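Numbering (my numbering), first residue to last: 276 to 694. Beta carbons: idealized from backbone N, C-alpha and C, even for Gly. None of these values were measured; they are calculated from a predicted model. Structure, as structure tokens:
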Amino acid sequence: MPHNPREQLTTQALLVWTGAMLVYVVAIAGRTSLGVAGVEALEHFHINNSKLAVFTAVQLGVYALAQIPMGMAIDKFGARRVLVVGAIVMGLGQVLLGSTSSFWVAILARILVGAGDATAFLSVMRILPTWFPMRLTPLFTQLTSAMGQAGQFISAVPFLALLGATGWQTAFVSLGAAGILIGLSALVLVTDSPLSAPTPPATTPSRLGEVLRNPVCWMGLFNHGLMLMPLIVFTLLWGMPLMTLGMGLDESVAASVLVINTICNVIIGPFHGVLSARSGRNREFLTMALATVILLSFLWFFASPTPRGFLSIAIISGLLGALGPAANYGFDSVRENLPHSVVTTGTGLSNMGGFTAAMLAAQGIGLLLDHHAESIPNWQDFAAAWFAVYAVWAFAMLGLVLSRRAFTKRYPGAHRRQG
Numbered sequence: 276m277p278h279n280p281r282e283q284l285t286t287q288a289l290l291v292w293t294g295a296m297l298v299y300v301v302a303i304a305g306r307t308s309l310g311v312a313g314v315e316a317l318e319h320f321h322i323n324n325s326k327l328a329v330f331t332a333v334q335l336g337v338y339a340l341a342q343i344p345m346g347m348a349i350d351k352f353g354a355r356r357v358l359v360v361g362a363i364v365m366g367l368g369q370v371l372l373g374s375t376s377s378f379w380v381a382i383l384a385r386i387l388v389g390a391g392d393a394t395a396f397l398s399v400m401r402i403l404p405t406w407f408p409m410r411l412t413p414l415f416t417q418l419t420s421a422m423g424q425a426g427q428f429i430s431a432v433p434f435l436a437l438l439g440a441t442g443w444q445t446a447f448v449s450l451g452a453a454g455i456l457i458g459l460s461a462l463v464l465v466t467d468s469p470l471s472a473p474t475p476p477a478t479t480p481s482r483l484g485e486v487l488r489n490p491v492c493w494m495g496l497f498n499h500g501l502m503l504m505p506l507i508v509f510t511l512l513w514g515m516p517l518m519t520l521g522m523g524l525d526e527s528v529a530a531s532v533l534v535i536n537t538i539c540n541v542i543i544g545p546f547h548g549v550l551s552a553r554s555g556r557n558r559e560f561l562t563m564a565l566a567t568v569i570l571l572s573f574l575w576f577f578a579s580p581t582p583r584g585f586l587s588i589a590i591i592s593g594l595l596g597a598l599g600p601a602a603n604y605g606f607d608s609v610r611e612n613l614p615h616s617v618v619t620t621g622t623g624l625s626n627m628g629g630f631t632a633a634m635l636a637a638q639g640i641g642l643l644l645d646h647h648a649e650s651i652p653n654w655q656d657f658a659a660a661w662f663a664v665y666a667v668w669a670f671a672m673l674g675l676v677l678s679r680r681a682f683t684k685r686y687p688g689a690h691r692r693q694g
């Protein structure tokens with residue numbers, strides 16, 4: 276008799292996960308592609324720093340706002356269909372971005388990229404508890420996040436090389452076309468469930484209200500925002516300009532710093548799955564400690580009156596990559612405390628945290644740079660602009676503390692289910 280994937284890890288489960296994860300890798304590549312092309316985007320669209328930040332703010336804003344609707348769609352239609360449609364929409368957005376020099380058309384393209392991207396991670400999160408034993412889902416959550424960072428490597432190395440060799444249009448159109456093809460491959464590889472049982476009931480307004488009222492979802496949101504926001508701000512938009520314009524590093528050297536981030540994320544990420552599973556009810560305290568380390572590292576980094584060197588930014592990048600996966604701790608809390616029929620919607624709410632926070636911080640940096648910099652921003656301009664990150668960090672930390680207090684009041688003395 277075939278093994279039940281919910282009781283024992285199976286080869287078919289790994290194939291389904293791989294098919295969905297390939298789409299997630301492409302989503303990460305598309306998400307970070309404009310970040311490595313930030314300086315080129317300034318020239319291509321003839322825009323200033325504030326307008327450059329609008330690209331990321333719009334993309335992340337759409338991504339964040341789409342989380343709950345996409346979660347409801349996945350709960351209703353299944354991960355497979357939503358995943359494929361999302362990949363196609365995202366690919367079309369990249370093709371449109373590569374085919375225009377109009378700022379406003381490019382904004383529309385980033386809206387498509389953000390909307391398509393919003394389906395990828397949630398789809399994988401829905402697949403995990405369906406295909407994998409509960410005891411392994413924290414590990415595979417982190418493996419998904421870690422392996423997905425191969426997309427950042429794609430944008431930082433081959434995509435950036437293609438951009439330099441062939442130009443804007445060829446690079447972005449090629450990335451979009453590849454995304455569409457990989458999305459179509461998910462039709463073959465991905466199956467929603469190994470069982471013939473009927474699909475769980477879709478998320479209704481009353482069930483959505485249950486999700487919105489549950490403090491564990493908000494705890495996940497602030498956990499996600501606290502840990503992912505600095506990583507997104509650095510890798511998606513302001514890392515490359517900081518290194519090339521603020522520190523004077525060569526573009527290839529700056530790209531290698533992003534690769535360091537990816538390597539640390541991939542290597543350390545799976546260990547966070549083990550830490551989250553073992554920490555259980557106390558995992559939010561671990562998040563607070565790790566978030567404080569990130570804050571202190573940035574304060575140290577920008578304390579220098581003159582630009583830091585390669586080693587310093589490599590340490591910062593590696594630290595962000597190594598600690599960033601703690602953003603996923605909240606998903607484990609959501610999965611352990613919500614009914615399976617609404618777990619994707621709850622995960623969607625939590626997944627809004629990092630991207631909403633990053634949208635606010637990235638736009639804040641752009642506005643502060645335009646305020647402080649006369650033309651091309653320098654080291655001191657970036658140091659002043661990074662206060663936008665500190666402000667959002669403080670708000671997210673306060674939110675995590677308050678939401679955890681609300682959770683413990685709602686479930687006094689309760690122990691989270693461990694599988």
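(request) Report yes if the CB atom of Val609 is closer than 8 Å to the CB atom of Val465, and no otherwise. (result) For Val609 and Val465, no; Cβs fall outside 8 Å.
(request) Using only alpha-carbon positions, find the residue among Gly641, Arg488, Leu570 that is nearest to Ala681. (result) When only C-alpha atoms are compared, the closest one is Arg488.
(request) For my contact list, Leu309 and Ala316 are in at a C-beta cut-off of 8 Å; report their separation, rounded to the angstrom. (result) Between Ala316 and Leu309 the Cβ distance is about 6 Å, and since that is below 8 Å, they are a contact.
(message) Taking its Cβ as the centre, do 16 or more other Cβ atoms sit within 10 Å of Val568, making it buried, or is it exposed?
(response) The residue is exposed, with fewer than 16 neighbouring Cβ atoms inside 10 Å.
(request) Assuming Thr441 contacts Asn603 (C-beta within less than 8 Å), just tell me the rounded distance between them. (result) By a beta-carbon distance limit of 8 Å, Thr441 does not contact Asn603. Their separation comes to about 36 Å.
(request) Measure the C-alpha to C-alpha separation of Phe352 and Val359 and round it to an integer number of angstroms. (result) The straight-line gap separating the alpha-carbon atoms of Phe352 and Val359 is approximately 12 Å.
(message) Quick check: what's the CA-CA separation for Glu526 versus Thr519?
(response) In this model, Glu526 and Thr519 are separated by some 6 Å (Cα to Cα).
(request) Taking Gly361 as the reference, give the member of Phe378, Ala395, Thr622, Arg385 with the closest Cα. (result) Among Phe378, Ala395, Thr622, Arg385, the Cα nearest to that of Gly361 belongs to Ala395.
(request) Please classify Asn324: is it buried, with 16 or more other beta-carbons within 10 angstroms of its beta-carbon, or exposed? (result) Buried, because 16 or more other Cβ atoms sit within 10 Å of the Cβ of Asn324.
(message) Can you find the residues in the same chain that come closer than 6 Å, C-beta to C-beta, to Arg692, ignoring five residues on each side of it along the sequence?
(response) Low confidence applies to Arg692: its pLDDT is 44, below 50, so where it sits in the model is not reliable, and the reading given next is rough at best. Glu611.
(request) For Ser420, I'd like the list of residues in its chain whose CB is within less than 6 Å of its CB, leaving aside the five on either flank, ordered along the chain. (result) Excluding its 5 nearest sequence neighbours in each direction, Ser420 has C-beta neighbours in its own chain below 6 Å: Gly544, Pro600, Asn603, listed in chain order.
(request) Compute the beta-carbon to beta-carbon distance between Asp467 and Arg355, rounded to the nearest angstrom, for a pair I have assumed lies under 8 Å. (result) That belief holds up - the Cβ atoms of Asp467 and Arg355 are roughly 5 Å apart, short of 8 Å.
(request) Output yes or no for whether 8 Å exceeds the beta carbon distance between Asn540 and Ala597. (result) Remark: C-beta atoms of Asn540 and Ala597 approach each other more closely than 8 Å.
(request) Tell me whether the beta-carbon of Val300 lies closer than 8 Å to the beta-carbon of Gly426. (result) Yes, these two residues count as a Cβ contact at 8 Å.
(message) According to DSSP, is His647 part of a helix, a strand, or is it coil?
(response) In the structure shown, His647 sits in a helix (DSSP, three-state: H, G or I).
(request) Report yes if the CB atom of Gln334 is closer than 8 Å to the CB atom of Gly389, and no otherwise. (result) Yes. Within cutoff.
(message) What would DSSP say about Thr394, mapped onto helix, strand or coil?
(response) Note: Thr394 maps to coil in three-state DSSP.
(request) Classify Pro687 as buried or exposed, calling it buried when 16 or more other Cβ atoms lie within 10 Å of its own Cβ. (result) Per the 10 Å Cβ criterion, exposed.
(message) Just to confirm, is the Cβ distance from Gly674 to Phe560 under 8 Å?
(response) No, the Cβ-Cβ distance between Gly674 and Phe560 is not below 8 Å.
(message) Less than 7 Å between C-beta atoms, sequence neighbours within five positions excluded: which residues of the same chain meet that for Met449?
(response) Reading off the sequence shown, one finds Ser at residue 449, where the question assumed Met. Cβ neighbours of Ser449 beyond the five flanking positions: Leu437.
(message) Quick check on this structure: which residue in Pro404, Leu414, Pro580 has the alpha carbon closest to the alpha carbon of Pro614?
(response) Of the candidates Pro404, Leu414, Pro580, the one whose C-alpha sits nearest the C-alpha of Pro614 is Pro404.
(request) For Ala633, name the three-state secondary structure that DSSP assigns. (result) Reduced to three states, the DSSP call for Ala633 is helix.
(request) Let me know if Gly495 comes out buried or exposed under the rule of 16 or more other beta-carbons within 10 Å of its beta-carbon. (result) So Gly495 ends up on the buried side.
(message) For Met400 and Glu649, I'd like the C-alpha separation in whole angstroms.
(response) Met400 and Glu649: Cα-Cα distance of roughly 45 Å.
(request) Please check the pair Gln369 and Gly451, which I expect to be a contact at CB under 8 Å, by giving their CB distance rounded to whole angstroms. (result) Contact check for Gln369 and Gly451: beta-carbon distance about 3 Å, within the 8 Å limit, so the pair qualifies.
(request) Please look up how many angstroms separate the CB atoms of Gly366 and Gly458, rounded, as I've assumed it's under 8 Å. (result) Between Gly366 and Gly458 a beta carbon distance of about 7 Å is seen, short of the 8 Å cut, so the two are scored as contacting.
(message) Please report the distance separating the alpha-carbon of Trp493 from that of Gly336.
(response) Each residue's alpha carbon lies about 18 Å from the other.
(request) For Val465, name the three-state secondary structure that DSSP assigns. (result) DSSP places Val465 in the coil class of the three-state scheme, outside both helix and strand.
(message) Measuring only the C-alpha atoms, how far is Gln424 from Gly593?
(response) Taking the straight line from one Cα to the other gives about 13 Å.
(request) Could you have a look at Leu284 and say whether DSSP puts it in helix, strand or coil? (result) Note: Leu284 maps to coil in three-state DSSP.
(message) Helix, strand or coil for Arg680? Go by DSSP, reduced to three states.
(response) DSSP places Arg680 in helix when its eight states are reduced to three.
(request) Report all residues from its chain with a CB closer than 6 Å to the CB of Ala472; omit the five preceding and five following residues, and keep chain order. (result) The pLDDT assigned to Ala472 is 44, lower than 50, so where the model puts this residue is not dependable; a value taken from the coordinates is nonetheless given after this. The beta carbon of Ala472 sits closer than 6 Å to no other beta carbon from its chain once the five residues preceding and following it are set aside.
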